[in-house]
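*Asks:* Numbering (my numbering), first residue to last: 19 to 411.
This is the structure, below, for whatever I ask next.
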């Protein structure tokens, strides 16, 4: 019986490959395929190697891969790098985390950054868990997870405290995390929902305003959720984890966006790509990637590229509301990109550098300019790597 099931899997795979590639259908008898079924584990491994490493744009090839997983009833992909939880959320296991992370050294580098700031500027490190949350995410028994990342975040906060670096821990109690998990995380995407990003922005700016009340000034309405319109785009969130495994491995989420009801006048400039045109306008015009907005009603819409431009590296947002004050430099991982637009509503200017996409010398040069009232370094737990703290060595 098992051999016949394996043979059926092979038939499905071969047929799909034939349909997609336009090749000649292999003339094999069921008996021959049954014999090949003995090599099913090898076939699975080959599909992992050949298909998974194809670019995300090769959606048809990934669809083959997803179909193979579904036929076998698999709850994991890419050799357990991506798994389905008991409630069908896709999460990734970080096999590539460095085993000997030097958090004291990272804290020392943060201290050097603080010492390089103008006298009145504020430094703040912001950390959060990422999509996997111990005792909250419903990981299947025996499946790998990112348990160590949360402990590493604890260790970093401890070292930063020793060097008296101000911090903001966005992780909540386990009970609150359970209540808000569905609100804060998409099933198919590794990055926050708009709702979670909005709450993070409010927490960050509230902390900065407490430290510098006369520097960071903004209207209270921008921090109120009821001042934003929630729009639902059914099944438009085809997140990065879904794209990595194929369209049929998990159903796409509804994309839920928040846009201000109040008047907004922002300006955007891409500081890493002069060919990306600058633009001024309301929240959606500036924060959303116009090339993706134009595709929103089409199957080609890619929600993983919905902010600013295709590749977010170094950008600047200016709030043209003369009542808003405070200039902010954000040094972040890509997890915090959705937070940027909301922060821009609460500051006069926000300059953003995705750390892994910029050289340490460029980051240090921007800091040396002294054109900021505060610098916020922000990351999720899985980003706690040497590559993230690659500055002020």
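Heads up, the beta-carbon is just placed ideally off N, CA and C, and yes, glycines get one too.
Every value quoted in this text rests on a predicted model; they were computed, and no experiment measured them.
1) On the CB-based measure, 16 or more other CB atoms within 10 Å of its CB, does residue 372 come out buried or exposed?
2) On the DSSP bridge assignment, give the partners of residue 145 in chain order.
3) Near residue 267, what residues of its chain come up, given a Cβ to Cβ distance below 6 Å and the 5 sequence neighbours on each side ignored?
4) So, do the segment 344-360 and the segment 310-317 have three or more beta carbon pairs nearer to each other than 8 Å?
5) Rounded to whole angstroms, what's the CA-CA distance from residue 204 to residue 271? Just pull it up for me.
6) Classify residue 110 as helix, strand or coil using the three-state DSSP reduction.
7) Between 182, 127 and 260, which lies nearest to residue 206 when the distance is taken from Cα to Cα?
8) Could you give the DSSP three-state label for residue 450: helix, strand or coil?
9) State the start and end residues of the unbroken alpha helix (DSSP H) segment that holds residue 350.
10) For residue 194, name the three-state secondary structure that DSSP assigns.
11) When the Cα atoms are used, what is the spatial distance from residue 181 to residue 82?
12) From the DSSP output, which residues share a beta bridge with residue 299?
13) Is it buried or exposed for residue 43, if we count other Cβ within 10 angstroms and need 16 for buried?
14) Leaving out the 5 sequence neighbours to the left and right, which residues in its chain are closer than 7 Å to residue 310 when beta-carbon positions are compared?
15) What residue range is occupied by the uninterrupted beta strand (DSSP E) comprising residue 251?
16) Taking only three categories from DSSP, how would you classify residue 274?
17) In angstroms, rounded to a whole number, what distance separates the CA positions of residue 152 and residue 131?
18) Closer than 6 Å by C-beta to residue 136: which residues in its own chain qualify, once you throw out the five before and the five after it? Chain order, please.
19) Check residue 337 in the structure and name its three-state DSSP category.
20) In or out: residue 384 buried (at least 16 other Cβ within 10 Å) or exposed?
21) Any contact between the segment 165-175 and the segment 137-151? By contact I mean 3 or more CB pairs, one from each, below 8 Å.
22) Under 6 Å Cβ to Cβ from residue 45, same chain only, skipping five residues before and after it: list those, please.
23) Could you check whether residue 144 and residue 396 sit closer than 7 Å to each other, using their CB atoms as the reference points?
24) Would DSSP call residue 411 helix, strand or coil?
*Replies:* According to the structure shown:
1) Along the chain shown, one-based indexing puts residue 372 at 354. Buried is the call here.
2) Translated into positions along the chain shown, residue 145 becomes position 127. According to DSSP, residue 145 bridges with 187 and 397.
3) Counting from 1 along the chain shown, the entry for residue 267 is found at position 249. 84 and 87, listed in sequence order.
4) Result no; under three Cβ-Cβ pairs closer than 8 Å.
5) Position 186 of the chain shown, counted from the start, is the residue given in the question as residue 204. Position 253 of the chain shown, counted from the start, is the residue given in the question as residue 271. Computed Cα separation, rounded: 7 Å.
6) The residue labelled residue 110 in the question sits at position 92 within the chain shown. In the structure shown, residue 110 sits in a strand (DSSP, three-state: E or B).
7) By 1-based counting over the chain shown, the position of residue 206 is 188. Out of 182, 127 and 260, 260 has the C-alpha closest to the C-alpha of residue 206.
8) The question about residue 450 has no answer here: the residues shown for the chain are numbered 19 through 411.
9) As a first step, residue 350 must be located in the chain shown, where it is residue number 332. Premise fails: residue 350 lies in the beta strand (DSSP E), 345-350, not in any alpha helix (DSSP H).
10) For the purposes of this step, residue 194 is identified with residue 176 of the chain shown, where counting begins at 1. Under the three-state reduction of DSSP output, residue 194 falls in the helix class.
11) The residue you call residue 181 lines up with position 163 of the chain shown. The residue you call residue 82 lines up with position 64 of the chain shown. About 52 Å.
12) On the chain shown, position 281 is the one that residue 299 refers to. Answer is 284, bridged to residue 299.
13) In the chain shown, residue 43 corresponds to position 25, counting from 1. Annotation note: pLDDT 35 at residue 43 (below 50); position unreliable, no value reported.
14) Along the chain shown, read from residue 1 onward, the residue named residue 310 stands at position 292. 319, 320, 323 and 324.
15) Indexing the chain shown from 1 puts residue 251 at position 233. Counting along the chain, the beta strand (DSSP E) containing residue 251 begins and ends at 246-255.
16) For this step, residue 274 is matched to residue 256 along the chain shown. Residue 274 falls in the strand class under three-state DSSP.
17) Here residue 152 corresponds to residue number 134 of the chain shown, with the count starting at 1. Here residue 131 corresponds to residue number 113 of the chain shown, with the count starting at 1. Looking at the two C-alpha atoms, the distance is approximately 31 Å.
18) To locate residue 136, count along the chain shown from 1; it is residue 118. These residues qualify, in order along the chain: 388.
19) Position 319 of the chain shown, counted from the start, is the residue given in the question as residue 337. If DSSP states are grouped into helix, strand and coil, residue 337 belongs with the strands.
20) Reading the chain shown from its first residue, position 366 is the one you call residue 384. Buried, because 16 or more other Cβ atoms sit within 10 Å of the Cβ of residue 384.
21) yes
22) Here residue 45 refers to the residue found at position 27 when the chain shown is read from its first residue. Reliability of the predicted coordinates at residue 45 is poor, the pLDDT of 36 falling under 50, and the value obtained from them is presented with this limitation in mind. Contacts found: none.
23) Counted from its first residue, the chain shown places residue 396 at position 378. Counted from its first residue, the chain shown places residue 144 at position 126. The answer is yes: Cβ separation under 7 Å.
24) Position 393 of the chain shown, counting from 1, holds the residue named residue 411. The answer is coil: DSSP assigns residue 411 none of H, G, I, E or B.
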